[in-house]
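If you read the sequences in order, they're chains V and H. Remember, my numbering sits 4 above the position in the first sequence when you count from 1. Remember, my numbering sits 98 above the position in the second sequence when you count from 1. Beta carbons: idealized from backbone N, C-alpha and C, even for Gly. Please read these numbers as outputs of a predicted model, since none were measured by experiment.
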Amino acid sequence: MSPFSGGLKRGGDRLRIPPVALATGFAALVGAALILISGHDPLSAYAEIVRGSLTPQALPDTLNWATPLVGMTLAAAIPLRGGMVNLGGDGQLVIGGLIGALAPLFLPDHGAFGAAVGLAFAGLGGGLYAALAAWGEVRHGVPMLISSLLLSYPAMGVTSYLARFPLRDVSTGLPQTLMIPPDARLHVLSGALNVGSLLIAAVALAVVFVDRRTSAGYELRMRGKNPRFTGYGGVRLGRQAVRTMFASGAIAGLVGAIIVLGSQFRFIDGALITPAYTWSGLMAALLVSGEPVGAIVAAVFFAALQTGGFAMQRETSVPRVLTLVLQAIVILFLAMRRGLGRRM
Amino acid sequence: MIESLFTPFLFQSTAQAITPILFAALAGVLCGRVGVFNLALEGQMLVGAFAAIVGSYFGHSAFVGVAAAIAAAAVFSLILGYGATIFRGDPVVIGIGMNLLASGLTAYLLRVVFGVSGTFSDPNVVGLGRITITALVGVPVLGWAFAGQSALTLAVWALTALISVVLFLTPVGLRLRGVGEQPDAAGALGIDVVRYRIVTVLIAGALTGLAGAQLSLGAVSVFAEDMSAGRGWIAVVAVMLGRNNPLYAAAACVLFGFADAIGVNLQSHGLPNQLTDVAPYVATLLALVISHRRRIRASPPSRRSTAIAMEEIGRTLGSTNSQALDDRS
C-alpha cells in the first residue's frame, strides 16, 4: 500500500507535522478520490461540509449532534483509559433509551419527575448491562472486548421486539412506543438544544475531573499503562473493571434516555442505532487513546463532520456516509503511525 | 414441537449458516497462527459481499462475482497485513477501524454504483448455483445438510481439511506456526517473518472474500448494508474457542450455525425474528463461559484465581499483539 508508506515517510520526524493533521489530510485526499468516483467535485463537497457545520446558522445543529456523540465518546474513552474496550455501546444505548421512554409513561402526572426517574434508571440499566460484560471477564473469563459486543445483540433484539410487539403504539404503523407526555420532555434551551446537552456537559466535566484529580482516575490510568503493576500496587483489578464498565455503560444509557426524552419523545426501533453514535464515539476515543479532553475535542470534530455531511448530501448529492469513511481512515492512519490503546 | 424442528431443512439451513462463519474463522485461524490478531473479519466479509454483488451484476456470472469478492477482500486485508507488521499498528485498533471503513465504504459505494441505499437486489445479479451430490442423496444428516447447496458450502469443508493438513503436516505449516509462536527463532532460521505474515493475511483475506460471496450470492442474491451482522465477530470467537486450530474452530462454527438455524426454524413456529436472531450470540457467549470453566478445571487449583484468569485472557487477546511488536523492536 504505497499511499500509507508515502504519507508516513513524508510525515516522519523531520517535518514535524502533527499526526492528527496529517491523518485528516490523508483522509481528505482519499475522500476526494471517492467523491471523484461518484462524479462530483470534491472541493465543493468539502466546502458544503464546512458551511453546513461551522457557520453561525449551522453551529446549533453541530452542537445538537455533538451531544449524544460526546456522551458515547466518553462511554468509550473511560474503559479505554484503563486499557479496556467497550464495544457494546449500542446495547447500553438502546436499554437506556427504552427505559427513558417507559419511565414517564408508567409514572404519569409527574412531569419532570418522570423524566428524572427515566434518566436515572436509564443510566443504571446501561451501567449494569455494561458491568455484566466486565463481570463476565472477571468471573467467567470471557474477554470483555468480545462479550461487550456480543451482549449488545440480545439487547438490541429484545428492545426491538418490545417496541414492535408488546409496547407498540398501535395507533401508528411504525415500530415505536407511545409518545411521552409534553411535560415529561427535557426542557428546551434554544432551538434544537435542550437540557440534555447541559447534562452531557456536566458528565464531561465530571469525567475530566475524575481522570485528572482523583485516585480512581489515577488508578485507571495506571491500569492502562501497566495492569500487572497496578494489581501489585493494591488495586483490585476485577472490581476496578466492573466499576469502570458500569460508569461507561451508565453514560451510554444516559445518552439513550437523553435522545429519547429530548428529541425523539418515544422509543423508535433502530433510531438510536442508525446514526452510529457508538462507533463514531469509539473512533473519537481511540484517536487520543481515551484521554477525556482530547476525546471530547475529537467528538465535536466528528460531530461537525457528520452535520456537514447532511449539507453535503443535500447540496451536492454526495452520500453523507462518506463522513464515516473519512473517520475510519483517520483512525487507521493514526493506528499505523503509533500503536494506540497499547494493552489489548 | 421437537420433531417438527429437526427436519432435513434444519440441517440444510445449518450448513448454510455455517459457511460464511467458517470461511471467516479459517481466515482468523491462519492470521492467529502467524501472530496477527485479526478482528477485521466482519469488515473483510462485508467488502467481499459487496464486491461479489458488483462482480456478479457487471460480469453477469456468479464466478466473476466470487473472483471479485476474493480480490477485493484480499486488497482490503492489505491494510491489516501492512498495518500490523511494517507499520506496527495495534491490531485491535486496526481491526475496529477496518470494520468501520468497510461499513462506510460499502454503504457509500452502494449509493454511488447502484444509486440505492439499504438493500440492493437485481435480476442481473447471478446467484451461486445449487449443487446436489447424488452420492449423498438419502443419507441422513449429511445428505440433508448438503442437498441443493452452493459450491462454497461444500468447498469450505474441503478448505478446512486442506488448511489443517497444511498447518500441521507440511514444512510450510511448520514455518507458519513458527512465525507465530517464536518469531525470533523463525527469523534466526532465515524465515522472512514479515513476508510470511503479510502473505498469510492476504490469503486469509481471500477466504473472507469467499465468506462474503456466500453471504450475498449464496442463499439469496442481495446486498444489504452491514449484512455481515456480527458473523465476523462470531468467527473471531470461534477462532478463540478453537485456540487457532481449524478443526476445533470448525466445531465451534457448527454450534453457532446450528443455533442460528434453530432460530430461523423457530420463526416459522411463530416466534418473532427479533428474538430468534439473538440465538447465535447467546450460544456464543455460553460457549465462551463453558470453555473457560473447563480450562480452569483442567488446570491445577493454585491457578484458579481471578488474577490468573484475567492474565490468561490478556494472553489470548494480547499475545499476538505484543509478539508482533516485540519481534521487530
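Cβ pair aspartate 187 of chain V, alanine 116 of chain V closer than 9 Å: The Cβ-Cβ distance between aspartate 187 of chain V and alanine 116 of chain V falls below 9 Å.
Alpha-carbon to alpha-carbon, valine 239 of chain H and proline 106 of chain H: Going from the Cα of proline 106 of chain H to the Cα of valine 239 of chain H covers about 7 Å.
Under 8 Å from the C-beta of leucine 198 of chain H: neighbouring residues of chain V: Correct list: Trp283, Met287, Leu328, Gln331, Ala332 and Ile335.
Beta-ladder partner(s) of phenylalanine 218 of chain H, from DSSP: In DSSP, phenylalanine 218 of chain H forms a bridge with H/Phe321.
Backbone CA spacing between proline 112 of chain V and arginine 232 of chain V [nearest angstrom]: Spanning the two alpha carbons is a distance of roughly 50 Å.
Simplified DSSP assignment, three categories, for glutamine 343 of chain H: In the sequence as displayed, the identity of residue 343 of chain H is asparagine instead of glutamine. In the structure shown, asparagine 343 of chain H sits in coil (DSSP, three-state: anything other than H, G, I, E or B).
Under 8 Å by beta carbon: chain H residues contacting alanine 339 of chain V: By Cβ distance, chain H contributes Gly181, Gly187, Asp188, Val191, Ile192 and Gly195.
Backbone CA spacing between serine 229 of chain H and alanine 126 of chain V [nearest angstrom]: The identity of residue 229 of chain H in the sequence shown is isoleucine, whereas the question assumes serine. For isoleucine 229 of chain H and alanine 126 of chain V, the gap between their C-alpha atoms comes out near 51 Å.
Every unbroken alpha helix (DSSP H) within the region 132 to 196 of chain V, with a cutoff of 4 residues, ordered by chain: Listed in chain order, they are 148 to 168.
Classification of serine 175 of chain H by the beta-carbon crowding that lies within 10 angstroms, buried from 16 upward: By the neighbour-count rule (16 or more Cβ atoms within 10 Å), serine 175 of chain H is buried.
Residues bridged to asparagine 90 of chain V (per DSSP): Asparagine 90 of chain V pairs with nothing; no bridge assigned.
Residues in the region 209 to 227 of chain H having any Cβ partner in chain V nearer than 8 Å: In summary, the residues of the region 209 to 227 of chain H whose CB is separated from some CB of chain V by less than 8 Å are Arg209, Val210 and Ser215, in the order they occur in the chain.
For isoleucine 255 of chain V, the three-state DSSP class (helix, strand or coil): Three-state DSSP puts isoleucine 255 of chain V in a helix.
Contacts of isoleucine 151 of chain H in chain V (Cβ-Cβ under 9 Å): Among the residues of chain V, none has a CB under 9 Å from the CB of isoleucine 151 of chain H; the nearest is roughly 17 Å distant.
Boundaries (first-last residue) of the alpha helix (DSSP H) holding serine 42 of chain V: Counting along the chain, serine 42 of chain V falls outside any alpha helix (DSSP H), and DSSP gives it neither H nor E.
Within 7 Å of chain H by C-beta, residues of the region 38 to 50 of chain V in sequence order: Taking a C-beta cut-off of 7 Å against chain H, the contacting residues of the region 38 to 50 of chain V are Leu38, Ile41 and Ser42, listed in chain order.
Endpoints, the alpha helix (DSSP H) within which threonine 230 of chain H is located: For threonine 230 of chain H, there is no enclosing alpha helix (DSSP H), as DSSP marks it with neither H nor E.
Alpha helix (DSSP H) segment containing aspartate 282 of chain H, residue limits: That run of the alpha helix (DSSP H) goes 281 to 286.
Contained alpha helix (DSSP H) runs [length at least 4] in the region 244 to 276 of chain H, N- to C-terminal order: The region 244 to 276 of chain H contains these whole alpha helix (DSSP H) runs: 249 to 267.
Inter-residue spacing [alpha-carbon to alpha-carbon] between leucine 153 of chain V and leucine 26 of chain V: So the two alpha carbons sit approximately 31 Å from each other.
For arginine 217 of chain V, the first and last residue of its enclosing alpha helix (DSSP H): From DSSP, the alpha helix (DSSP H) with arginine 217 of chain V extends over 199 to 217.
Any chain V beta carbon closer than 9 Å to methionine 338 of chain H: Closer than 9 Å to some Cβ of chain V, the Cβ of methionine 338 of chain H qualifies, so yes.
CB contact below 9 Å: tryptophan 242 of chain H versus chain V: No, its Cβ sits nowhere closer than 9 Å to a Cβ of chain V.
With 16 other Cβ atoms within 10 Å as the buried cut-off, status of arginine 393 of chain H: Burial call: exposed.
Any C-beta of chain H under 9 Å from that of glycine 129 of chain V: With its beta carbon at least 9 Å from every one in chain H, glycine 129 of chain V lies outside the interface.
Expected contact under 8 Å - CB spacing of valine 145 of chain H and valine 211 of chain H to nearest Å: Actually they do not touch by this definition, with Cβ atoms about 14 Å apart.
Cα-Cα separation, tyrosine 222 of chain V to valine 297 of chain V: Straight-line measurement puts the Cα of valine 297 of chain V at about 15 Å from the Cα of tyrosine 222 of chain V.
Three-state class that DSSP yields for isoleucine 360 of chain H in the structure shown: The answer is helix: DSSP assigns isoleucine 360 of chain H an H, G or I state.
Per-residue contacts from glycine 161 of chain V into chain H (C-beta, under 7 Å): Under the 7 Å cutoff, chain H gives Gln372, Leu373, Asp375 and Val376.
As assigned by DSSP and simplified to three states, the class of isoleucine 277 of chain V: The answer is coil: DSSP assigns isoleucine 277 of chain V none of H, G, I, E or B.
Anticipated Cβ contact below 8 Å, glycine 100 of chain V with glycine 130 of chain V, distance rounded: About 4 Å separates the CB atoms of glycine 100 of chain V and glycine 130 of chain V; that is less than 8 Å, so the two are in contact.
Glutamine 110 of chain H and glutamine 280 of chain H closer than 9 Å at C-beta: Taking a C-beta distance under 9 Å as the contact criterion, glutamine 110 of chain H and glutamine 280 of chain H do not qualify as a contact pair.
CB contact flag (leucine 78 of chain V, valine 211 of chain V, <9 Å): For the 9 Å CB-CB criterion, leucine 78 of chain V and valine 211 of chain V form a contact.
Continuous alpha helix (DSSP H) stretch holding valine 239 of chain H: start and end: Valine 239 of chain H -> no alpha helix (DSSP H), and no H or E assigned at all.
Isoleucine 119 of chain H - DSSP class collapsed to helix/strand/coil: It is helical.
Three-state secondary structure (DSSP) of isoleucine 272 of chain V: It is a strand residue.
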